[in-house]
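FYI, in numbering that gives the first Met the number 0 the residues of the first sequence are 0 to 568. Have a look at the structure below, then the notes.
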Amino acid sequence: MDETKSEIQEILKGAIRAAISAGELPISEVPDIPFSPTKTPEHGDIATPIALGLAKTAKMAPRAIAETIRKHVNQTEHPSIRELQIAGPGFINVYLSYEWLYDTLRTIVSAKRDYGNCGIGKGKRIQIEFVSANPTGPLNIVSGRAAAVGDTLVNLLNAIGYEAIREYYVNDAGGQVERLGESIDIRYRQSLGEKNLEIPEGGYQGEYIQEFAHHIATEEGDVYLKHNREKRIALFKEKGIEHLLGQQKASLERFRVNFDVWTSEEAIRNSGKPDQIIELFREKNYLYEAENATWFRMTDFGDDKDCVVIRSTGEYTYFVPDAAYHRDKYDRGFDKVIDLFGPDHQGHVPRLKNFVKALGLADDWLEIDIIQQVNLVDADGNRQDMSKRRGQFYTLDLLIDELAEAVGEEFAVDVARYFFLMRSNNAHLDFNLELAVTQAVENPVFYIQYAHARCCSIFQQAKEQQIQMIPIDDTTLELLSEPSEHELIRKLADFPSILLSSAAEREAHRIPHYLYELAGLFHPYYNKHRVLDAANMERTHARLVLTQCVQTVLANGLKLLGISAPESM
RNA sequence: GCGCCUAUAGCUCAAUUGGAUAGAGCAACGGACUUCUAAUCCGUAGGUUGCAGGUUCGACUCCUGCUAGGCGUGCCA
Numbered sequence: 000m001d002e003t004k005s006e007i008q009e010i011l012k013g014a015i016r017a018a019i020s021a022g023e024l025p026i027s028e029v030p031d032i033p034f035s036p037t038k039t040p041e042h043g044d045i046a047t048p049i050a051l052g053l054a055k056t057a058k059m060a061p062r063a064i065a066e067t068i069r070k071h072v073n074q075t076e077h078p079s080i081r082e083l084q085i086a087g088p089g090f091i092n093v094y095l096s097y098e099w100l101y102d103t104l105r106t107i108v109s110a111k112r113d114y115g116n117c118g119i120g121k122g123k124r125i126q127i128e129f130v131s132a133n134p135t136g137p138l139n140i141v142s143g144r145a146a147a148v149g150d151t152l153v154n155l156l157n158a159i160g161y162e163a164i165r166e167y168y169v170n171d172a173g174g175q176v177e178r179l180g181e182s183i184d185i186r187y188r189q190s191l192g193e194k195n196l197e198i199p200e201g202g203y204q205g206e207y208i209q210e211f212a213h214h215i216a217t218e219e220g221d222v223y224l225k226h227n228r229e230k231r232i233a234l235f236k237e238k239g240i241e242h243l244l245g246q247q248k249a250s251l252e253r254f255r256v257n258f259d260v261w262t263s264e265e266a267i268r269n270s271g272k273p274d275q276i277i278e279l280f281r282e283k284n285y286l287y288e289a290e291n292a293t294w295f296r297m298t299d300f301g302d303d304k305d306c307v308v309i310r311s312t313g314e315y316t317y318f319v320p321d322a323a324y325h326r327d328k329y330d331r332g333f334d335k336v337i338d339l340f341g342p343d344h345q346g347h348v349p350r351l352k353n354f355v356k357a358l359g360l361a362d363d364w365l366e367i368d369i370i371q372q373v374n375l376v377d378a379d380g381n382r383q384d385m386s387k388r389r390g391q392f393y394t395l396d397l398l399i400d401e402l403a404e405a406v407g408e409e410f411a412v413d414v415a416r417y418f419f420l421m422r423s424n425n426a427h428l429d430f431n432l433e434l435a436v437t438q439a440v441e442n443p444v445f446y447i448q449y450a451h452a453r454c455c456s457i458f459q460q461a462k463e464q465q466i467q468m469i470p471i472d473d474t475t476l477e478l479l480s481e482p483s484e485h486e487l488i489r490k491l492a493d494f495p496s497i498l499l500s501s502a503a504e505r506e507a508h509r510i511p512h513y514l515y516e517l518a519g520l521f522h523p524y525y526n527k528h529r530v531l532d533a534a535n536m537e538r539t540h541a542r543l544v545l546t547q548c549v550q551t552v553l554a555n556g557l558k559l560l561g562i563s564a565p566e567s568m
């Protein structure tokens, strides 16, 4: 399709050039030819608003310009153009020869699993960091959204020729995990019968902490009481991280998200890189001392406030290991890194970017994308706060469990992933668990999967009727002459550009919407026309090719989303 | 106060770099299984794109102001 587009561009440019020479178009330069999307087949295969754009400089009516351009296209010289039509305020609608549709099918059949992919990324290495939840509790549905989106983004980037990997930053250092250790300690001692203990301010109230502490108490008894409090907290912190991180890993695996690299904040802190960075910043005179702390001159980088990098206690704030972590990413040779953040870390974005700049790295090396929040709403539509510390949240596992009861385990993951992936990243998502479960059965993902299953079923039937597939070159594709067939093939032809723009603009949700539209063309076609017809084998073979192509594109798209493509339902 | 995100059909959401008549699903109503799978199809109905201006051939999209909600905003991450 890209080749066809540039061919059309050249033809139109030639026509404009000829019109200028003939003195019929008073402009000095031949412009680039933009294309506008054709929403309906009535707008042709390709459409351009070029005449509208030239109206001002040429001081002519757009339709008159379009007419002039059309006049200078010698159609007999260009068999790829079936018809040029001028429509609306002055759009030039290009109807291509049907041959391009059949070429699309040939392309799909030969590319198969690779159809839609391209090499634009040239093998450049990209790291995407996402989820990166604190190891202080189970993953909630917010992390589920991030996991689904990040995972798909990596698939998309790999499909367009990058070498992308998934990375998870484990915040196993700092105040939060300290509170975790303290909270386990309290629950542990309570479990052993100690009274008058309370979870401290900022501690973790969730039941899972009680259960875990109780488990330690019953399994290992009071052996930890022989240590002093500080030592106990350190031990419990370590035990807690191991336990909760293990839980998170299991949840992610169940959700079909497999990270390539897990990086520990503790390890970064101990690597010496934070100290090197402080040293570097000091040399560059980015730091100063005030109020007993060490500050970074963020205002020199355009921020309105400076920020503390070394607390009065002597500890680094999270900025330092974070900057060190990004330095580490750079040292590992990534051409680009993408961080997916939640909106609660939005304030961190300009600062992290400034730190990266202070390290001397290029501005566009680090990209930070925000995935908007997921709000929990009750049956009346009222928002409920989620708080890991207070123990109020819905876990990803609970979501999948509930969905699994309605539709089974495999489809539960499909439904959940689709649910998160169909939204654009900056849509604030109101989540009602009850509704999600009752609507699971009506989830649009089944519409897509069912279309795929139907394709498979046709081939199953063909096999039973002993209808053999024949080579595509021996197939009379011209028999695919129904408008609905042309529309289907046009949609199939869109896939590569949808994939590309979806990856390039980090808009994973376009894939689910595209697949839904494709299924939405296939189902009516299936209902109206029969593929297998013993009385018309020539057409049967042509339609089998079309069916195969629909199946291929659906399967390729679903694979990008990490959603299964069932052969029967 | 300042910064970011959001506001589209009763509900949940789409709409490619500014393009032609703003689209789906759910919910409502009426139809279609002796058929390659009815998790499907066909039809009806549903809109001042939060409000007010501006930019231009053209605005859901860009700019300004306003309203409402969410998030963030110097030693939590």
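C-beta atoms are modelled at their ideal positions from N, C-alpha and C, and glycine is treated no differently.
- Taking C-beta atoms under 8 Å as the contact rule, PRO137 and TYR207 qualify, at a distance of about 6 Å.
- If you ignore the 5 residues before and after LYS356, its C-beta comes within less than 8 Å of the C-beta of PHE300, ASP362, all in its own chain and listed in chain order.
- Residue environment: TYR287 is assigned as exposed (fewer than 16 neighbouring CB atoms within 10 Å of its CB, all protein chains considered).
- Residue pairing by DSSP places GLU128 opposite GLU166, ASP338 in a beta bridge.
- Just measuring C-alpha positions, the residue of SER501, PHE521, LEU543, ALA86 sitting nearest ILE159 is SER501.
- Within the segment 161 to 235, the beta strand (DSSP E) runs of at least 3 residues that lie entirely inside it are, in chain order, 162 to 169.
- The closest CA to that of GLY22, considering only HIS214, ALA57, ASP44, is found on ALA57.
- By the neighbour-count criterion, in which a residue is buried when 16 or more other Cβ atoms sit within 10 angstroms of its Cβ, MET297 is buried.
- Check the Cα spacing between SER270 and each of ALA415, LEU487, ALA323, LEU279: the tightest is with ALA323.
- Annotated as distal: ARG542 and VAL552, with beta-carbon spacing of 8 Å or more.
- Relative to the Cα of ILE277, the nearest Cα in the group TYR513, THR262, ALA266, VAL308 belongs to VAL308.
- When only Cα atoms are considered, PRO349 and SER250 end up about 31 Å apart.
- For ARG124 and LEU156, the gap between their C-alpha atoms comes out near 10 Å.
- Under the DSSP definition of a beta bridge, ILE45 partners with VAL93.
- With contacts defined by Cβ atoms closer than 8 Å, ILE49 and LEU100 do not form a contacting pair.
- Straight-line measurement puts the Cα of PRO342 at about 11 Å from the Cα of ALA145.
- In the structure shown, the three-state DSSP call for VAL256 is coil.
- The residue from THR37, GLN275, ALA564, GLY407 with its alpha-carbon nearest to that of ILE91 is THR37.
- For THR293, the secondary structure class from DSSP, reduced to helix, strand or coil, is strand.
- About 30 Å separates the CB atoms of ILE399 and GLU366; that is not less than 8 Å, and the two are not in contact.
- For TYR446, the closest of LEU520, GLY205, GLN209, GLU282 by C-alpha to C-alpha distance is LEU520.
- Collapsing the DSSP output to three states places ASP362 in coil.
- CA-to-CA, the gap between GLN126 and ILE471 works out to about 40 Å.
- Taking all protein chains shown into account, PRO495 has 16 or more neighbouring C-beta atoms within 10 Å of its C-beta and is therefore buried.
- Less than 8 Å separates the beta-carbon of PHE235 from that of GLY180.
- Judged by DSSP secondary structure, ASP400 falls within the alpha helix (DSSP H) whose first and last residues are 395 to 406.
- Excluding sequence positions up to five before and after VAL108, its CB lies within less than 6 Å of the CB of ILE471, all in the same chain and listed in chain order.
- For ASP493, the enclosing alpha helix (DSSP H) begins and ends at 482 to 503.
- Taking the C-beta atoms as reference points, HIS508 is found no nearer than 8 Å to MET568.
- Burial of ILE32 is indicated by the presence of at least 16 other C-beta atoms within 10 angstroms of its C-beta.
- By alpha-carbon distance to SER20, the top candidate from THR67, GLY220, ALA292 is THR67.
- In the DSSP assignment, LEU531 falls outside any beta strand (DSSP E), carrying neither H nor E.
- Straight through space, the alpha carbons of LYS283 and PHE333 are spaced by roughly 25 Å.
- Residue state for LEU553 is assigned as helix, using DSSP reduced to three classes.
- About 7 Å separates the Cβ atoms of ALA46 and PHE34, confirming a contact at the 8 Å cut-off.
- Note that the segment 448 to 463 does not touch the segment 474 to 481; fewer than 3 beta-carbon pairs, one per stretch, sit closer than 8 Å.
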